[in-house]
Amino acid sequence: MLTGATRLVGLIGNPVAESLSPRMQNAAFAARALDWAYVPLPVEADQLESAVAGLPVLGFAGANVTVPYKTAVLAYCDELDEFAERAGSVNTIVVRDRRLHASSTDGLAVAGAVHAEGARVLILGAGGAAQAVATALADAGAAAITLAARKAEQAEGLALRLRTIFPDHEVGAAEGWPPTTESAMLIVNATPMRESPVVELRAEHQIVDLAYSGDGMETGLVRA
Numbered sequence: 028m029l030t031g032a033t034r035l036v037g038l039i040g041n042p043v044a045e046s047l048s049p050r051m052q053n054a055a056f057a058a059r060a061l062d063w064a065y066v067p068l069p070v071e072a073d074q075l076e077s078a079v080a081g082l083p084v085l086g087f088a089g090a091n092v093t094v095p096y097k098t099a100v101l102a103y104c105d106e107l108d109e110f111a112e113r114a115g116s117v118n119t120i121v122v123r124d125r126r127l128h129a130s131s132t133d134g135l136a137v138a139g140a141v142h143a144e145g146a147r148v149l150i151l152g153a154g155g156a157a158q159a160v161a162t163a164l165a166d167a168g169a170a171a172i173t174l175a176a177r178k179a180e181q182a183e184g185l186a187l188r189l190r191t192i193f194p195d196h197e198v199g200a201a202e203g204w205p206p207t208t209e210s211a212m213l214i215v216n217a218t219p220m221r222e223s224p225v226v227e228l229r230a231e232h233q234i235v236d237l238a239y240s241g242d243g244m245e246t247g248l249v250r251a
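With the numbering used here applied, the sequence shown covers 28 to 251.
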């Protein structure tokens, strides 16, 4: 039950209706007997600045940020941690003394779940999640990173950004869509696509799919 003392945490994105985060986070709060509530906050693009600025005004303790605002939200945060600043991506905002402190855990979670050192990585997508994942995998020692997106210019732009941050790494953009997977050892889907595997897979591939179905069913990439 919500009370006047309940601490609020939000999920900023569009759409957010199918997100499992409120269910998971509220279950965790209940298990810890915390008087906290996690609420979805569907936000239109032209209202993003107002929504973020409203977090401390409305007494929110913080918020997660999801598609499509992980890069756009940077401009409205007061402070970025070192990783979020390098990645150019944010998925977590914490309100402290009415200031917005931003960080990113997407990439660190992926890097901690796979064997990245020496791997040749193919990342599907070139948005905020892809930026965070690519940065974390480069930090973890990936031998090469290839970005692939339906809009080739987005993949090329992200590849250029990463080469600036990691001048000693092999970073490039795939030609065409869907990309080939011949040289990939690790494939990360950082797009919302979940119905089909998108790319050709082999038994030796490590697979990470950031997309998921609201009903808990496996995505096309995981099934394949």
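Think of the CB as a built atom: it goes at the ideal place given N, C-alpha and C, for glycine as much as any other residue.
Since the structure is predicted, the reported quantities are computational estimates derived from the model, not experimental observations.
Linking A230 to I214 through their CA atoms gives a straight-line distance of about 12 Å. Residue pairing by DSSP places P219 opposite no residue, since no beta bridge is assigned to it. Listed in chain order, the beta strand (DSSP E) runs fully inside the segment 41–70 are 63–69, counting runs of at least 3 residues. In this chain, the alpha helix (DSSP H) harbouring E180 covers A179 to I192. Burial of Q158 is indicated by the presence of at least 16 other C-beta atoms within 10 angstroms of its C-beta.
Rounded to whole angstroms, the separation of the alpha carbons of P224 and A60 is 40 Å.
Under the 10 Å beta carbon count, T173 is surrounded by 16 or more other beta carbons and is classified as buried. Sequence-distant partners of F87 (beyond 5 residues in either direction) whose C-beta falls short of 7 Å from its own C-beta, in its chain, are L35, V36, G37 and V122. Under DSSP, F110 takes part in no beta bridge, so it has no partner. Ranking N41, A138, I192 and L185 by CA distance to the CA of I234 puts A138 first. Exposure of K178 is indicated by the presence of fewer than 16 other C-beta atoms within 10 angstroms of its C-beta. 8 Å or more divides the Cβ of V148 from the Cβ of A64. Between the segment 162–173 and the segment 124–138, the count of Cβ pairs shorter than 8 Å is three or higher; the stretches touch. Note that the C-beta distance between T98 and G81 is not below 8 Å. Within the same chain, N118 and T119 come within 7 Å of T132 by CB-CB distance, once the 5 residues on both sides are set aside. Counting along the chain, Q74 sits inside no alpha helix (DSSP H), nor does DSSP assign it H or E at all. In the structure shown, the three-state DSSP call for T119 is strand. P83 has its alpha-carbon roughly 15 Å from the corresponding atom of V66.
Rounded to the nearest whole angstrom, the C-alpha separation of E222 and L237 is 13 Å. Non-local beta-carbon contacts of L29 in its own chain, meaning distances under 8 Å to residues more than five positions away in sequence, involve A64 in chain order. DSSP links E197 through a beta bridge to A171. Non-local beta-carbon contacts of V160 in its own chain, meaning distances under 7 Å to residues more than five positions away in sequence, involve D133, G134, V137, I150, V215 and A217 in chain order.
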